[in-house]
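The opening position of the sequence shown corresponds to residue 5 in this note's numbering, with each subsequent residue numbered one higher.
All remarks here apply to the structure that follows.
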Amino acid sequence: MDEEIKKTVLKVLCDVAPDIEPDEIDPEMNFRDQFDFDSMDFLNFAIGLHQAVGIDIPETDYPRLSNLNGSIRYLQENKG
5 MDEEIKKTVL
15 KVLCDVAPDI
25 EPDEIDPEMN
35 FRDQFDFDSM
45 DFLNFAIGLH
55 QAVGIDIPET
65 DYPRLSNLNG
75 SIRYLQENKG
């Protein structure tokens with residue numbers, strides 16, 4: 005796993021939802037099931053990832069960003 009990508013995902017996640025404890029995130033569990041993460045939070049998360057890494061993320065790919073490991077895999081597969 006690319007630690008730099010993981011750090012980026014966690015930073016964006018914590019920017020969107022500052023109450024999240026990064027060490028307590030279950031990497032396979034859906035964000036919405038783990039904490040109070042609504043659709044607006046998710047949209048801000050997707051936009052934040054785009055801004056942080058410069059990768060266009062089409063809305064059809066949003067389901068792949070629903071948990072920590074999925075987000076990391078997606079960015080690894082799509083990075084320049």
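Ideal placement from N, C-alpha and C gives every residue a C-beta, glycine not left out.
On a predicted model such as this, the values are computed, not experimentally measured, just so you know.
Below 8 Å, enough C-beta pairs join the stretch 28-39 and the stretch 62-81 to call them touching: three or more. For K15, the enclosing alpha helix (DSSP H) starts and ends at 7-20. Taking one beta carbon from each stretch, the stretch 24-33 and the stretch 54-69 have fewer than 3 pairs nearer than 8 Å; the two do not touch.
Assignment of D45 by DSSP, reduced to helix, strand and coil, places it in the helix class.
Annotated three-state conformation of I76 is helix, per DSSP.
In the assembly as shown, L53 is a buried residue. Its beta-carbon has 16 or more other beta-carbons within 10 Å.
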